[in-house]
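One structure is given below, encoded as structure tokens.
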Amino acid sequence: MAGFALGGGAPGAPDAGLRAARLLLIDREALAREVTDTLYAESPDLLARYGQAGREKCLQDMRYNIEHLTPAVELGDGAMFAGYVQWLDSLLRARNVPTRDVVRCLHLLEDRCAVRYPRGEAEAIAAILRAGLAVLAA
């Protein structure tokens, strides 16, 4: 498949969405840890509320979030990620995790990507994250 670019673009020159998706795959673990660490540093009450097991579950959930984000970024399909976020929020609310925590994690992920990646790739990721955030604001 050399020279073939998924998501459009000239052969051998993958578009920003495809490049961003590749970066997300490579950095999934580091991003998940950075977001979880930042969330728990910002809100020490989370550790008191959920314990260490809750922190590990948050890390696992961030990995899942990135796994669902990646194909949506590659395809430029905000609706795909929005559907996942809507489902995730319902699932977590049923487990007494407030929507604001989901929103904060997605904002933190957007922030980390903006710092890590070139503008085009970061913007491709941000557009999909914002589609997910939009369903939580509705």
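Sequential numbering from 6 applies to the sequence shown in the working numbering. For glycine and all other residues, C-beta sits at the position ideal for the given N, C-alpha and C. Bear in mind that the values here come from a model prediction, so they are computed numbers and not experimental data.
- Beyond the five residues adjoining it in sequence on each side, Glu-115 comes within less than 6 Å, by CB distance, of Ala-131, Leu-134 in the same chain, given in chain order.
- Spatial neighbours of Glu-128 in its own chain (CB-CB distance under 8 Å, excluding positions within 5 residues in sequence) are listed in chain order as Ala-21.
- For Ile-31, the closest alpha carbon among the candidates Cys-118, Ala-136, Ala-142 is that of Cys-118.
- For Gln-91 and Val-78, the gap between their C-alpha atoms comes out near 17 Å.
- With at least 16 other beta carbons inside 10 angstroms of its own, Arg-24 counts as buried.
- Around the beta-carbon of Asp-66, 16 or more other beta-carbon atoms lie within 10 Å, marking it buried.
- About 6 Å separates the Cβ atoms of Leu-36 and Ile-71, confirming a contact at the 8 Å cut-off.
- DSSP places Arg-100 outside any alpha helix (DSSP H), giving it a letter other than H or E.
- In terms of Cβ geometry, Thr-41 and Leu-64 form a close pair [threshold 9 Å].
- Under the criterion of beta carbons closer than 8 Å, Val-108 and Leu-141 qualify as touching, at roughly 6 Å.
- Counting only residues of its own chain and dropping the five nearest sequence neighbours on each side, Glu-61 has no CB closer than 6 Å to any other CB.
- Using a Cβ distance threshold of 9 Å, Leu-28 and Arg-121 count as a contacting pair.
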